[in-house]
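Structure, as structure tokens:
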Amino acid sequence: AQKITQTQPGMFVQEKEAVTLDCTYDTSDPSYGLFWYKQPSSGEMIFLIYQGSYDQQNATEGRYSLNFQKARKSANLVISASQLGDSAMYFCAMREVYNNNDMRFGAGTRLTVKP
Amino acid sequence: DTAVSQTPKYLVTQMGNDKSIKCEQNLGHDTMYWYKQDSKKFLKIMFSYNNKELIINETVPNRFSPKSPDKAHLNLHINSLELGDSAVYFCASSFSDGNTGELFFGEGSRLTVL
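From first to last, the protein sequence lines stand for chains B and C.
Position 88 of the first sequence, counting from 1, maps to 86 under our numbering, and the rest follow consecutively.
Position 92 of the second sequence, counting from 1, maps to 121 under our numbering, and the rest follow consecutively.
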């Protein structure tokens, strides 16, 4: 069974600074995708960034980048120049292609951006 | 023009009642999911359907019965509701080809069992 681990229940960051949210995963599936989602207090799930298991380069989307270290099975999210609106829950997720596209989520990290 | 829509958004009901949540997506996706988010924000997969076929069925009480009349709809019926069923239920959809498709989520349905 796949497993996603987010070891930081809560994180604080000063506005305009960068922050890294940790995520490690465990799978035997050779083809998988790694995703990060943001859930603000309003409750909706917002897709942020995706990394494929065969991608050679780290994914970037605006202020978000995914630090993918395949050998270590880690997929950390880096948010640069934090903004107050970044305060939210952040979930790491993994999708296994050969396991019926099963998509599982980590426990989440609550990020608080301080002014 | 909501991509994944769930109804109702809020349900408040008594223990022992039966309730249903409906989900529809207009994205042309072939795979749909139900997730349960508990009070600690943990997201747990419940079911997944691909082209109306059940492909993921987690260890969920059989009081929960999903139904997919077509690939654009996935409904969740819950019998004999219990206090522990109180949660936010999210519907999601995606394409099944490869690992690249992110899940698109509905806004969630908050179920409160009294």
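For each residue, glycine too, the CB sits at the ideal point set by N, CA and C.
Remember, it's a predicted structure, so these values are computed and weren't measured experimentally.
CB-CB under 7 Å to residue i, same chain, minus the five flanking residues each way: which ones, in chain order?
i     : result
C:D67 : A116
B:Q81 : E13 and V111
C:K65 : K73, M75, A116 and Y118
B:R61 : I77, S78 and A79
Can you list, in chain order, the residues of its chain whose CB lies under 6 Å from that of residue i, leaving out five sequence neighbours each side?
i      : result
C:Y158 : Outside the shown range of chain C, which is 30 to 143, sits residue 158 of chain C, and nothing can be said about it.
C:F93  : I107
B:V95  : S29
C:T36  : K51
Who are the near neighbours of residue i in its chain, counting only those whose CB is closer than 8 Å to its CB and skipping five residues on each side?
i      : result
C:L132 : Y62, A121, S122 and S123
C:K38  : E136, G137, S138 and R139
B:K68  : S51
Establish whether the CB of residue i and some CB of chain B are separated by less than 7 Å.
i      : result
C:S125 : yes
C:L56  : no
C:I144 : In the structure displayed, chain C extends from 30 to 143; residue 144 of chain C sits before or after that span and is not available.
C:F93  : no
C:E131 : yes
C:E53  : no
C:E82  : no
Do residue i and residue j have their C-beta atoms closer together than 7 Å?
i      : j      : result
B:Q49  : B:K112 : no
B:Q6   : B:C90  : no
C:L72  : B:F103 : yes
C:L110 : C:M44  : yes
C:I74  : C:E53  : no
C:L40  : C:K48  : yes
B:M92  : B:L32  : yes
B:N56  : B:L46  : no
C:N46  : C:D59  : no
B:K71  : B:Y23  : yes
B:G41  : B:R108 : no
C:I84  : B:N98  : yes
C:L105 : C:V142 : no
Is it right to say residue i is buried, meaning 16 or more other beta carbons lie within 10 angstroms of its own, or is it exposed?
i      : result
B:A73  : buried
C:G137 : buried
B:S51  : buried
B:I44  : exposed
B:P28  : exposed
B:E59  : exposed
B:G106 : buried
C:P90  : exposed
Can you find a CB in chain C that lies within less than 7 Å of the CB of residue i?
i      : result
B:E13  : no
B:A105 : yes
Q: Taking only beta carbons into account, state which residues of the segment 59 to 73 of chain B come closer than 8 Å to chain C, listed in chain order.
A: Taking a C-beta cut-off of 8 Å against chain C, none of the residues of the segment 59 to 73 of chain B qualify.
Q: Note down, in chain order, all residues in the segment 65 to 78 of chain C with a beta-carbon under 7 Å from any beta-carbon belonging to chain B.
A: K70, F71, L72, I74 and S77
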